[in-house]
Amino acid sequence: MASNNTTSNKIIIFSAPSGSGKSTIVGHLLQKYPFLEFSISATSRAPRGQEQHGKEYYFYSSEEFEKLIKEDAFVEWEEVYKGSYYGTLRSEIDRIWAKGHTILFDIDVKGGVNLKKIFGDAALAVFVKPPCVEELRRRLIGRGTDTPEAIERRVAKAEEELTYEQYFDVVLVNDILSESLTEAEGLIDSFVVNR
Ligand code: 5GP
3 MASNNTTSNK
13 IIIFSAPSGS
23 GKSTIVGHLL
33 QKYPFLEFSI
43 SATSRAPRGQ
53 EQHGKEYYFY
63 SSEEFEKLIK
73 EDAFVEWEEV
83 YKGSYYGTLR
93 SEIDRIWAKG
103 HTILFDIDVK
113 GGVNLKKIFG
123 DAALAVFVKP
133 PCVEELRRRL
143 IGRGTDTPEA
153 IERRVAKAEE
163 ELTYEQYFDV
173 VLVNDILSES
183 LTEAEGLIDS
193 FVVNR
């Protein structure tokens, strides 16, 4: 679909406790809708595996990131994990809107709340939620990437993050993935396509 007035100057935010399946939903939407463009965040964490500067993230040292904070280069930023900054550059929003695309954010819960406050009706804020905390724990164990201590830390963080769902426009409970994908498509269709 071509970019036009319905697709530009809008943002869609997906936030979730980790292990909720948010990235799978975001990846699906990016494939399905060519007018959606992923907001590449800046971060001070090191690249993992094949990650490249300008693709998954803009990678900076902590010093560079702090300099950008001082220069007011960010629309929002958070220290999501101790010692690791993440933020959205103002220039990233300009870059994507200049193409007439809708910006899709995969961002932590506090960042999502901040963006919704800033962008108001131009933003659709979606909170992706696991069916229950026990299921979240099961998924994190199944993923096999974290130690038992790290899993308990993530679960504790998730319990705190779940208290923010009230600030989002929509809560999407990710129980059966195929159903969540269809529901997510419906949200895009009503916020962007059928306006
Ligand atoms: P990871 O290091 O696993 O790629 O991401 C860690 C967390 O940081 C995820 O919850 C991700 O959504 C969040 N995140 C990524 N970019 C941003 C950003 O620009 N701002 C904020 N506040 N959080 C972000």
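Under my numbering, think of the first position of the sequence shown as 3, with each following residue one higher. Just so it is clear, CB atoms sit at the ideal spot from N, CA and C, and this is done for glycine as well. Only a predicted model underlies this, so the values are computations on that prediction, with no experimental measurement involved.
When distances are taken from the beta-carbon of W99 to the heavy atoms of the ligand 5GP, even the shortest one reaches 7 Å or more. Inter-segment contact for the region 51-58 and the region 134-153 is absent: fewer than three beta-carbon pairs are separated by less than 8 Å. Apart from the 5 residues on each side of it in sequence, G146 has no Cβ closer than 7 Å to any other Cβ in its chain. Within 10 angstroms of the beta-carbon of V111 lie 16 or more other beta-carbons, which makes it buried.
Between V157 and K24, the beta carbon gap of about 16 Å keeps them out of contact (Cβ cut-off 8 Å).
Under the three-state reduction of DSSP, H55 is assigned to strand. When rounded, the separation of the alpha-carbon atoms in L164 and C134 is 10 Å.
The Cβ atoms of F107 and R92 lie no closer than 8 Å to each other. For Y60, the CB stays at least 7 Å from every heavy atom of the ligand 5GP. Short of 7 Å from the beta carbon of E94, and not among the five residues preceding or following it, lie these beta carbons of its own chain, in chain order: S41 and I42. Around I13, the same chain offers I105, F121 and A125 as residues with beta carbons nearer than 6 Å, after the five sequence neighbours per side are excluded. For the 8 Å CB-CB criterion, V175 and L189 do not form a contact.
Note on geometry: alpha-carbon atoms of S17 and I98 lie some 20 Å from one another.
Shown here, K131 sits in a strand according to DSSP, grouped into three states.
Excluding five sequence positions before and after H103, the CB atoms of its chain that fall closer than 8 Å to its own CB belong to S5, T9, S10, F37, L38 and E39, given in chain order. Setting aside the 5 residues that flank it on each side, L183 is surrounded in the same chain by H30, each with a C-beta closer than 6 Å to its C-beta; the list follows chain order.
In the DSSP assignment, L38 falls within the beta strand (DSSP E) that extends over L38 to F40. Taken in chain order, the complete beta strand (DSSP E) segments of 3 or more residues contained in the region 79-135 are 86-91, 104-108 and 125-131.
Of the residues assessed, G56 falls on the exposed side of the cut-off, its CB having fewer than 16 other CB atoms within 10 angstroms.
Pairing K101 with I15 gives a Cβ-Cβ distance that is not under 8 Å.
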